[in-house]
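Position 65 of the sequence shown, counted from 1, bears residue number 64 in numbering that gives the first Met the number 0, the numbering being contiguous throughout.
Just so you know, even glycine gets a beta-carbon here, dropped at the ideal spot from N, CA and C.
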Amino acid sequence: MPELSIVTSECSLDPPNYFCTKYFDRRRCRRTSILYRQAHASRERSRVESFNRAFEQLRRLLPTLPPDKKLTKIEILRLAISYMTYLD
Numbered sequence: 000m001p002e003l004s005i006v007t008s009e010c011s012l013d014p015p016n017y018f019c020t021k022y023f024d025r026r027r028c029r030r031t032s033i034l035y036r037q038a039h040a041s042r043e044r045s046r047v048e049s050f051n052r053a054f055e056q057l058r059r060l061l062p063t064l065p066p067d068k069k070l071t072k073i074e075i076l077r078l079a080i081s082y083m084t085y086l087d
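What follows is the structure, given as structure tokens:
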């Protein structure tokens, strides 16, 4: 029986077996690829959410008027630098 692999496919050269092995190999590869992309997207979403929470925590520590003013990430970083310089 031919061994299926995600990267390569070793199979006999008779047409029906060759087609089936290639076909199932492609399906397995496609399924693995989809699962990999979904897992990667989930990890990336989690990373971005964590990153945004950290920026929100930093923003709450900085004095702004009004206190709930929405700032961009670059504004938060610049304000944090200015505030640390002021405290020094």
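Where residue i falls: helix, strand or coil (DSSP)
i	result
residue 78	helix
residue 72	helix
residue 67	coil
residue 7	Per-residue confidence for residue 7 stands at a pLDDT of 44, beneath the threshold of 50, marking its modelled position as unreliable; the derived number appears in the next sentence. Coil at residue 7, not helix or strand.
residue 57	helix
Rounded separation between residue i and residue j - CA only
i	j	result
residue 83	residue 42	32 Å
residue 137	residue 45	Absent from the structure is residue 137, since the part of the chain shown begins at 0 and ends at 87.
residue 65	residue 59	11 Å
residue 47	residue 87	31 Å
residue 53	residue 28	37 Å
residue 70	residue 49	17 Å
residue 78	residue 31	45 Å
Residue i at chain C interface by Cβ criterion, 8 Å
i	result
residue 66	The structure shown contains no chain C; it holds only a single protein chain.
Presumed contact (8 Å Cβ cut-off) between residue i and residue j, rounded CB distance
i	j	result
residue 75	residue 57	6 Å
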